[in-house]
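Position 171, counted from 1, in the sequence shown is what numbering that gives the first Met the number 0 calls 170; the numbers after and before it change by one each time, with no gaps. Report on one structure; see the data block that follows.
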Amino acid sequence: MRRTLIAAALLSLAACGTAMPDTITAAGVARENPAQAPVEETVRGLTAFGDRLYQASADPAKNVVLSPLSIGYAFGMARAGASPQTGTELDRLFGFPAQGPHTAFNRLTRQIVTIEGPPPAPATEPESGEERKPKPPIVGIANGLFVQQGFAVKEPFLRTLAAQYGVGVHPVDFGGDAADVINKWAEEQTAGRIKHVLDKAPSDTKAAITNALYLKAEWKHTFEDGAKQAAFTRADGSVVRADLMQLREPLRYASGPGWQAVELPYA
0 MRRTLIAAAL
10 LSLAACGTAM
20 PDTITAAGVA
30 RENPAQAPVE
40 ETVRGLTAFG
50 DRLYQASADP
60 AKNVVLSPLS
70 IGYAFGMARA
80 GASPQTGTEL
90 DRLFGFPAQG
100 PHTAFNRLTR
110 QIVTIEGPPP
120 APATEPESGE
130 ERKPKPPIVG
140 IANGLFVQQG
150 FAVKEPFLRT
160 LAAQYGVGVH
170 PVDFGGDAAD
180 VINKWAEEQT
190 AGRIKHVLDK
200 APSDTKAAIT
210 NALYLKAEWK
220 HTFEDGAKQA
230 AFTRADGSVV
240 RADLMQLREP
250 LRYASGPGWQ
260 AVELPYA
């Protein structure tokens, strides 16, 4: 179980010319739009999981960035096909609600996603003028499930993927071009921001779940032009010179034993 969790988490994106394979989907199953779902409970569980994951992976000498939503979303899909014992372990790890996370992820995605399909390719940004005004945020969440060609996928699993996640299954050859296919998928889903996530999967791999979270948004309070060199204190107490952005605005602030935080809202 530990090896499975680590392997899938590494593929979770919190991406050359290979065509995407055909998709296996549940026939006649449209994505549902649940009126109610345990979103708050699921978010609380993911927040607690993210805190534990950060504590386990934090390095005082390095920066750490992670997306609990991306990891939880990927394992939510895995939960749909898990055995009862594995499902119970996933529920405990992520704090998934008793009725399962699927409707919650479905509704949560509908609440925050602003685009359907891959995001548009980035255009050249104007340096100033009327066109430089803040634009509505672009938020995209994409999920991909890739399985070894010939691997049997059960119908109930396909139905849950289609009804709650709006996805199917992509057959690939993990002994061949699977890495190219997955990298191309990641590149498309991140507008070219992530071009490479996988060198080569082990030849005995049967499935890989990927998640891509895309965000393009303007700061509500813009930073001053140009970064400036200044002293930066690391978590271990050492001081280094670093390029820092600067902003002078009243912002929400919080602190606790060993940490400080400031809220930087988007427009």
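All residues carry an ideal CB built from backbone N, CA and C; glycine is no exception. Every value quoted in this text rests on a predicted model; they were computed, and no experiment measured them.
Problem - Beta-carbon proximity check, F104 vs Y72, cutoff 8 Å - result: Yes, these two residues count as a Cβ contact at 8 Å.
Practice task
Give a yes or no on contact between the stretch 33-52 and the stretch 100-119, applying the rule of three or more CB pairs nearer than 8 Å.
Solution key: yes
Handout entry: Nearest neighbour of P96, chosen from T113, Q110, R78 [CA to CA]
Key = R78
Handout entry: Counted within 10 angstroms of its Cβ, other Cβ atoms place T87 as buried (16 or more) or exposed
Key = exposed
Practice task
Please name the residue, chosen from R158, K134, G175, that lies closest to Q147 on a Cα-to-Cα basis.
Solution key: G175
Practice task
Could you check the C-alpha separation between G236 and A141 for me, to the nearest Å?
Solution key: Computed Cα separation, rounded: 39 Å.
Practice task
With a threshold of 16 other CB atoms inside 10 Å of the CB of V267, please say whether the residue is buried or exposed.
Solution key: No answer is possible for residue 267: it lies beyond the span of the chain, which begins at 0 and ends at 266.
Exercise for the section: Would you check if the distance between the CB atom of A161 and the CB atom of T24 is smaller than 8 Å? Expected result: A contact, by the Cβ cut-off of 8 Å.
Handout entry: Ordered list of beta strand (DSSP E) runs contained in the stretch 89-157, each at least 3 residues
Key = 137-147
Exercise for the section: State the DSSP-derived secondary structure class of A161, mapped to helix, strand or coil. Expected result: helix
Exercise for the section: Output the distance between the C-alpha atoms of Q228 and V238, rounded to the nearest integer angstrom. Expected result: 13 Å
Practice task
Measure the alpha-carbon distance for P201 versus K61 and round it to whole angstroms.
Solution key: 29 Å
Problem - Local conformation of S202 per DSSP, three classes - result: coil
Problem - For A29 and D58, the rounded distance between their alpha carbons - result: 44 Å
Exercise for the section: Could you check which residue in D224, L250, S82, R233 has the C-alpha nearest to that of M244? Expected result: The shortest C-alpha separation from M244 is found at D224.
Problem - Contacting residues, own chain, Cβ-Cβ under 8 Å from D242 (five flanking each side not counted) - result: These residues qualify, in order along the chain: A226, K227, Q228.
Exercise for the section: Please report the residue range of the alpha helix (DSSP H) in which T41 lies. Expected result: 38-56
Problem - Which listed residue (K134, Y164, E39) has its alpha carbon closest to that of I208 - result: Y164
Exercise for the section: Would you identify the three-state DSSP class for S66, choosing helix, strand or coil? Expected result: Taken through DSSP and simplified to helix, strand or coil, S66 comes out as coil.
Handout entry: K219 (DSSP reduced to helix, strand or coil)
Key = coil
Problem - Beta-carbon proximity check, L212 vs L68, cutoff 8 Å - result: yes
Practice task
Could you name the residues of the same chain whose beta carbon sits closer than 8 Å to that of L89, not counting the 5 residues immediately before and after it, in chain order?
Solution key: F74, A77, R78, A81, F95
Problem - Inter-residue Cα distance where the pair is A55 and G27 - result: 43 Å
Problem - Anticipated Cβ contact below 8 Å, A260 with A253, distance rounded - result: 5 Å
Handout entry: Whole-angstrom C-beta distance between T204 and F173, which should lie under 8 Å
Key = 4 Å
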